[in-house]
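Top to bottom, those sequences are chains X and C.
With my numbering applied, the first sequence covers 214 to 507.
With my numbering applied, the second sequence covers 9 to 300.
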Amino acid sequence: MDEYTIGVLTNVGLLAFLALSAYVLLVAGELSFGQQAFFGVGAYAAGVGTAMLALPLPLAAALAMGLGAGAAALVGLPTLRLRGLYFAMATLAAAEMFRIGFELFRWQVEVGGERVGPDGTQGFRGIRWVFEHGVEPAQFLLMVWALLGAVLGVLVFVERSRLGVAVRAGGQDPELAAAVGLDVLRIKLGAIVAAGALAALGGALFAHHNTYIEPRNFDIMLGVHSLAYALIGGLGTVLGPLLGVALDIGLLEGGRFLKEYRMIVFGGLVAVLLMFRPRGVLDERAVHRLTRWR
Amino acid sequence: MEPLVDFLQNTLDGIALGASYALLALGFTLIFGVLRRANLSYGPAIMLGLYVATWAHLHFAHGLAVLFLIALASTVLAGAYVERLCFAPHRGGSAVAAMVASFALWMQLEEIATLALPRHLYEFPALYDGPALSLGPLAVRPEALVMLAAAITVAAALWAILHRTRFGTAVRALIDAPRAAALCGIHAGAVSIQVFALASAIGAIAGFLIVASHAQVTPMLGMWSTLKGMLAMMLGGLGSLPGAVIGGLALGLIEAHSQWYLGPQFRDFVAYLLLFALLALRPPWMSTRSAS
Numbered sequence: 214m215d216e217y218t219i220g221v222l223t224n225v226g227l228l229a230f231l232a233l234s235a236y237v238l239l240v241a242g243e244l245s246f247g248q249q250a251f252f253g254v255g256a257y258a259a260g261v262g263t264a265m266l267a268l269p270l271p272l273a274a275a276l277a278m279g280l281g282a283g284a285a286a287l288v289g290l291p292t293l294r295l296r297g298l299y300f301a302m303a304t305l306a307a308a309e310m311f312r313i314g315f316e317l318f319r320w321q322v323e324v325g326g327e328r329v330g331p332d333g334t335q336g337f338r339g340i341r342w343v344f345e346h347g348v349e350p351a352q353f354l355l356m357v358w359a360l361l362g363a364v365l366g367v368l369v370f371v372e373r374s375r376l377g378v379a380v381r382a383g384g385q386d387p388e389l390a391a392a393v394g395l396d397v398l399r400i401k402l403g404a405i406v407a408a409g410a411l412a413a414l415g416g417a418l419f420a421h422h423n424t425y426i427e428p429r430n431f432d433i434m435l436g437v438h439s440l441a442y443a444l445i446g447g448l449g450t451v452l453g454p455l456l457g458v459a460l461d462i463g464l465l466e467g468g469r470f471l472k473e474y475r476m477i478v479f480g481g482l483v484a485v486l487l488m489f490r491p492r493g494v495l496d497e498r499a500v501h502r503l504t505r506w507r
Numbered sequence: 009m010e011p012l013v014d015f016l017q018n019t020l021d022g023i024a025l026g027a028s029y030a031l032l033a034l035g036f037t038l039i040f041g042v043l044r045r046a047n048l049s050y051g052p053a054i055m056l057g058l059y060v061a062t063w064a065h066l067h068f069a070h071g072l073a074v075l076f077l078i079a080l081a082s083t084v085l086a087g088a089y090v091e092r093l094c095f096a097p098h099r100g101g102s103a104v105a106a107m108v109a110s111f112a113l114w115m116q117l118e119e120i121a122t123l124a125l126p127r128h129l130y131e132f133p134a135l136y137d138g139p140a141l142s143l144g145p146l147a148v149r150p151e152a153l154v155m156l157a158a159a160i161t162v163a164a165a166l167w168a169i170l171h172r173t174r175f176g177t178a179v180r181a182l183i184d185a186p187r188a189a190a191l192c193g194i195h196a197g198a199v200s201i202q203v204f205a206l207a208s209a210i211g212a213i214a215g216f217l218i219v220a221s222h223a224q225v226t227p228m229l230g231m232w233s234t235l236k237g238m239l240a241m242m243l244g245g246l247g248s249l250p251g252a253v254i255g256g257l258a259l260g261l262i263e264a265h266s267q268w269y270l271g272p273q274f275r276d277f278v279a280y281l282l283l284f285a286l287l288a289l290r291p292p293w294m295s296t297r298s299a300s
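Pasting the structure below:
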């Protein structure tokens, strides 16, 4: 594989984490405009971990996931009872506060005669763990996709369990779900926290892929994109978000013959697609039809 | 004395800023109130309209009135296009799908605008380029007065349209009881596209005044308009027109004061913090209608 393909595939993998985190919430019946904040928390936490505290990447990524989950709980607890656009706006407000927080975040230490660390709006450069440990781009790609595979495996397992059914039930009709004895709020909080950890893991990998992050990376555009990926791909299976990312990046990279008209074509395509499939390409019905063939 | 003057000056600036937010929020709220759907393409449609006007200004058109009409017509067209592609197909269906579709068209409209005019900044004829009026120790920009007058006029006109015309009655019927309205023979599809046209026209007025006050247009206009319109609507209690005006003015005041007292980075932070707190605590005026 050439370097270019590796780069594209790595990006698909990284964004898939964020799309999956939006997917988890969509399945739980909530719409978040704020998953980019936890992606950012993960990126900053992991960057601080490896570049400043000299932690190994796996440990830094674990720390990032913990902080991402904690941040999500912090946002989720006061907004647990909100629904629809109220919840979406609350997550948007929280995410923007996080982004402004990143802009104010200045903490640098001396590492090898160089000042390393977040420097407000100037961003955070020198997250070079991958480079310093001789991880080749292809190996990093493998790492990203292995982790993504593991996450997908866990999600598939959960979806097939009673818990997965409970999450979907709470997402589609919270009153009915509560009436059959499900603790809808607790399930929702669980989904929020899991989605936060997922986004943070993606952010941790993103920071190490890019070596440089800045607050602007984590603006609302990223969040709405991930939401769109999850919905385009489909809410019927965990592979949906992956398909959504692949569709966008695939068109972005493969459609270079369209050059500057790409967004015009893609935007129109998505709108038309959603007319016919409002729950995405791989919606529940499509998944049911496909799995029946076994 | 000095702190008081600062405070009053900030309040004036905040009201001026808030008037533009109120205008944006009126259009956004009109769509949300009728459709119960957030139209993320609201700002980008305004941006496209203003870009068309700027393009016309660079090529052939002169005079603010002509440019305004061009911006108005193209924003309304863009708004109708968004309604047909994103909201008409999902009527009675998924709100999320409609919102994501409107996001997809956001990307599309923005791309069309920046393809036509790729630079990061274009000059736009200024609404007024003289000195500010002085009111004792305070300074007032005449554009701000125009903006405020426009916000009040639009709010009053909107009230009159909604309460004194057949169309307005149909709109209110749809807001209050969509099913009953349909049973009475009100055509939801037709009213929906008219509402979009009206909201886009209000958006175009807002966008035009904002752009002409700053005498420049940038590609940030689309995202900025959607965000501020949505934020002001939420602050004002979601879906009520007087609320949109109050929310817009409140947002302007919050931004002006927090920028002065806490620094530029807190300008947006305080507004978001307040919104988050309001949503989490849900004071009575914010929970009059369910938004799910």
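Ideal placement from N, C-alpha and C gives every residue a C-beta, glycine not left out.
Chain X residues whose Cβ lies nearer than 9 Å to that of residue i
{"i": "valine 225 of chain C", "result": "Ordered by position in chain X, no residue passes the 9 Å Cβ test against valine 225 of chain C, which lies about 19 Å from the chain."}
{"i": "leucine 34 of chain C", "result": "Under the 9 Å cutoff, chain X gives no residues; its nearest Cβ is about 18 Å from leucine 34 of chain C."}
Residue span of the alpha helix (DSSP H) that contains residue i, given as start and end
{"i": "leucine 77 of chain C", "result": "72 to 90"}
{"i": "valine 324 of chain X", "result": "No alpha helix (DSSP H) contains valine 324 of chain X, which is instead part of the beta strand (DSSP E) from 322 to 324."}
{"i": "arginine 381 of chain X", "result": "375 to 385"}
{"i": "leucine 20 of chain C", "result": "10 to 43"}
{"i": "glycine 253 of chain X", "result": "248 to 260"}
{"i": "serine 200 of chain C", "result": "196 to 222"}
Cα-Cα separation, residue i to residue j
{"i": "lysine 236 of chain C", "j": "glycine 35 of chain C", "result": "12 Å"}
{"i": "serine 233 of chain C", "j": "glycine 215 of chain C", "result": "8 Å"}
{"i": "glutamate 151 of chain C", "j": "alanine 24 of chain C", "result": "9 Å"}
{"i": "glycine 325 of chain X", "j": "histidine 422 of chain X", "result": "21 Å"}
{"i": "arginine 174 of chain C", "j": "leucine 93 of chain C", "result": "26 Å"}
{"i": "leucine 402 of chain X", "j": "phenylalanine 431 of chain X", "result": "23 Å"}
{"i": "valine 380 of chain X", "j": "leucine 464 of chain X", "result": "32 Å"}
{"i": "phenylalanine 419 of chain X", "j": "valine 203 of chain C", "result": "43 Å"}
{"i": "glycine 336 of chain X", "j": "glutamine 17 of chain C", "result": "34 Å"}
{"i": "glutamate 119 of chain C", "j": "glycine 481 of chain X", "result": "12 Å"}
{"i": "leucine 395 of chain X", "j": "phenylalanine 300 of chain X", "result": "21 Å"}
{"i": "valine 42 of chain C", "j": "leucine 182 of chain C", "result": "7 Å"}
{"i": "leucine 80 of chain C", "j": "valine 288 of chain X", "result": "40 Å"}
{"i": "alanine 306 of chain X", "j": "phenylalanine 68 of chain C", "result": "42 Å"}
Status (buried if at least 16 other CB within 10 Å, exposed otherwise) for residue i
{"i": "threonine 296 of chain C", "result": "Residue confidence for threonine 296 of chain C is low, a pLDDT of 44 falling below 50, so the modelled location carries little weight; the figure read from the coordinates is stated next. Counting Cβ neighbours within 10 Å, threonine 296 of chain C comes out exposed, since fewer than 16 surround it."}
{"i": "phenylalanine 489 of chain X", "result": "exposed"}
{"i": "proline 331 of chain X", "result": "buried"}
{"i": "tryptophan 320 of chain X", "result": "exposed"}
{"i": "alanine 299 of chain C", "result": "Confidence at alanine 299 of chain C is low in this model, with a pLDDT of 39, below 50, so the placement of that residue is unreliable and no value is reported for it."}
{"i": "tyrosine 560 of chain X", "result": "Within the shown structure, residues of chain X are numbered from 214 to 507, placing residue 560 of chain X beyond reach of any answer."}
{"i": "threonine 223 of chain X", "result": "buried"}
{"i": "glutamine 267 of chain C", "result": "buried"}
{"i": "alanine 185 of chain C", "result": "exposed"}
{"i": "alanine 285 of chain X", "result": "buried"}
{"i": "glutamate 323 of chain X", "result": "exposed"}
Contact test: residue i Cβ vs the ligand MG heavy atom, cutoff 7 Å
{"i": "leucine 455 of chain X", "result": "The ligand MG is not among the ligands present in this structure, which contains no ligands whatsoever."}
Delimiting residues of the beta strand (DSSP E) encompassing residue i
{"i": "alanine 147 of chain C", "result": "146 to 148"}
{"i": "serine 234 of chain X", "result": "Careful: serine 234 of chain X lies outside any beta strand (DSSP E), inside the alpha helix (DSSP H) at 216 to 240."}
{"i": "leucine 259 of chain C", "result": "It is not in any beta strand (DSSP E) - leucine 259 of chain C instead sits in the alpha helix (DSSP H) that spans 249 to 270."}
{"i": "valine 329 of chain X", "result": "327 to 329"}
{"i": "leucine 143 of chain C", "result": "141 to 143"}
Under 7 Å from the C-beta of residue i: neighbouring residues of chain C
{"i": "arginine 505 of chain X", "result": "Within 7 Å Cβ-Cβ: nothing; arginine 505 of chain X doesn't reach chain C, min ~24 Å."}
{"i": "glycine 415 of chain X", "result": "Here the premise fails: no neighbours, minimum Cβ distance about 20 Å."}
{"i": "threonine 292 of chain X", "result": "Leu287, Ala288"}
{"i": "isoleucine 313 of chain X", "result": "Gln273, Asp276, Phe277"}
{"i": "methionine 356 of chain X", "result": "Ordered by position in chain C, no residue passes the 7 Å Cβ test against methionine 356 of chain X, which lies about 31 Å from the chain."}
Contact set between residue i and chain C, taken where Cβ atoms lie within less than 8 Å
{"i": "arginine 492 of chain X", "result": "Ser102, Ala105"}
{"i": "leucine 444 of chain X", "result": "Val104, Ala105, Val108"}
{"i": "leucine 317 of chain X", "result": "Gln273"}
Closer than 7 Å at the beta carbon, the chain X residues around residue i
{"i": "cysteine 94 of chain C", "result": "Ala484"}
{"i": "glutamine 116 of chain C", "result": "Met476, Ile477, Gly480, Gly481"}
{"i": "tyrosine 59 of chain C", "result": "Chain X residues near tyrosine 59 of chain C: none, gap ~14 Å exceeds 7 Å."}
{"i": "proline 145 of chain C", "result": "The contacting residues do not exist; proline 145 of chain C stays about 32 Å from chain X at best."}
{"i": "isoleucine 120 of chain C", "result": "Ile477"}
Below-8 Å beta-carbon distance, residue i vs any chain D residue
{"i": "leucine 113 of chain C", "result": "Here chain D cannot be found, since the structure's protein chains are X and C."}
Quiz item: Taking three-plus beta-carbon pairs below 8 Å as touching, is the segment 131 to 151 of chain C in contact with the segment 221 to 229 of chain C?
Solution: yes
Quiz item: Okay, do the segment 51 to 58 of chain C and the segment 201 to 216 of chain C touch, 3+ Cβ pairs below 8 Å being the bar?
Solution: yes
Quiz item: Is it true that the segment 70 to 77 of chain C meets the segment 105 to 125 of chain C, where meeting means three or more beta-carbon pairs spaced less than 8 Å apart?
Solution: no
Practice problem: Decide yes or no for the touch test of the segment 366 to 386 of chain X against the segment 283 to 296 of chain X: beta carbon pairs closer than 8 Å, at least 3 of them. | Solution: no
Practice problem: Take every Cβ of the segment 368 to 383 of chain X, pair it with every Cβ of the segment 245 to 258 of chain X, and state whether three or more of those distances are shorter than 8 Å. | Solution: no
Quiz item: Would you say the segment 188 to 201 of chain C touches the segment 281 to 292 of chain C, given that touching needs at least three Cβ pairs under 8 Å?
Solution: no
Exercise. Tell me, please, whether the segment 406 to 415 of chain X touches the segment 224 to 237 of chain X by the rule of three or more beta-carbon pairs shorter than 8 Å.
Key: yes
Quiz item: Between the segment 254 to 265 of chain X and the segment 437 to 454 of chain X, do at least 3 Cβ pairs fall closer than 8 Å?
Solution: no
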